[in-house]
Structures are given as structure tokens and as C-alpha cells.
Amino acid sequence: MNPNVPRSPNLNPYCESWVWRTRAEVLNHFIVFGEGHLRHILDRWHIHYHFQRPYQGLGQVPIGSDLPPAETLEEFCSDDVVCHESLGGLLKHFERPAAA
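In the numbering used here, the protein residues as written are 1 to 100.
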């Protein structure tokens, strides 16, 4: 395996996409006060990015979710939706409560 040449973003588009999205959607909204603070922000972002945000290729459901694709969901009342916020409201995750 050959290492990438410095300053050649087109050679590793998946990493470059993640770095760009992390900067644009998270880090540009904070003043980081040390490594511990940065690690906390990136840990919360990692959870949101990989497990809570919907993926278009999976029918607008998160990875590993047991929900059906969005087009098969029944209609529901918006009062049933619960919002979970993290990083001071920057990251929001909406879900319906579990059926009783």
C-alpha cells in the first residue's frame, strides 16, 4: 500500500468528505479549549454521524436501525416525536417513542 502524497485530496475522497463535513457542520461552531474538549465534541459527532443521522441510500433511516424505509412509514402525529439534542442543540436527533 502506497501512502498518499501530501496536499492531494482527490486520492482519498472518503476521508476528505468526512473531514470537510466535520469542519463545516461541527468545528466551525465552536471555540475549542483543549484536547479534552475537542475529543468530547468529536465523540458526540461520531455517534450522531454514524448512528443517528438518516442515510439517503438506506431509505432515510440510520445505519443499524430496525425502522422501515421512510416511504413505508404510516402517518403519525407530530406530537409523538421526541427531540434529543447534544452539543448545545447543534446536533438534533428526532424519534418516535417506543410502542407500549
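Even glycine gets a Cβ: it sits at the ideal position worked out from N, Cα and C.
query: Under 7 Å between C-beta atoms of Leu87 and Arg23; result: no
query: Phe94 in three-state terms, based on DSSP; result: strand
query: DSSP beta-bridge partners of Cys15; result: Paired residue(s): none; Cys15 is not in a bridge.
query: Residue range of the unbroken alpha helix (DSSP H) whose run includes His46; result: Glu35 to Ile47
query: Cβ shell of His29 (< 7 Å), same chain only, five flanking positions each side left out; result: Leu90
query: Length of the line joining the Cα atoms of Gln52 and Asp80; result: 18 Å
query: Limits of the beta strand (DSSP E) - the one that Ser8 falls within; result: Here Ser8 belongs to no beta strand (DSSP E), and DSSP marks it neither H nor E.
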